[in-house]
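A short worksheet on the structure shown next.
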Amino acid sequence: MTLRAIIIAIVLSILSIAWIHQASLVQTPGLLYAPVYIASVPPVPALIFLVALMAFGPLLKRIPGLRALSRKELLVIYAFLVLAIPPVTFGII
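All letters in the sequence shown, in the order written, are residues 6 to 98 by the working numbering.
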């Protein structure tokens, strides 16, 4: 686990929370939680960001001084997102 993975996970979790919150406001106006996403296992934003990070990994190698995310870092980011997103669907955040 690296500091880079934690920082990326925090930034992506903030984006995911905003995404789910906005989607719940659009789909179910007036409710504090997103009943549409309660059954979404694993959370959709976590999967999309995981695929995006894996897709952009080879591009990072081309930039001098940067390296692609390792499998361990990807796992930490994915696990962080899977744990951070569901409370939004229940109206906790």
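Ideal Cβ placement from N, Cα and C applies to all residues, glycine included.
Since the model is a prediction, treat every value here as computed from it, not as a measurement.
Check                                                                                                                                             : Outcome
Do residue 28 and residue 85 count as a contact pair if the criterion is CB distance below 7 Å?                                                   : no
Beta-carbon separation of residue 81 and residue 47 under 7 Å?                                                                                    : no
Hey, quick one: how far does the alpha helix (DSSP H) through residue 67 stretch, first residue to last?                                          : 49–67
Between the beta-carbon of residue 74 and the beta-carbon of residue 62, is there less than 7 Å?                                                  : yes
Assign residue 68 to buried or exposed, taking buried as 16 or more other Cβ atoms, counted over all protein chains shown, within 10 Å of its Cβ. : exposed
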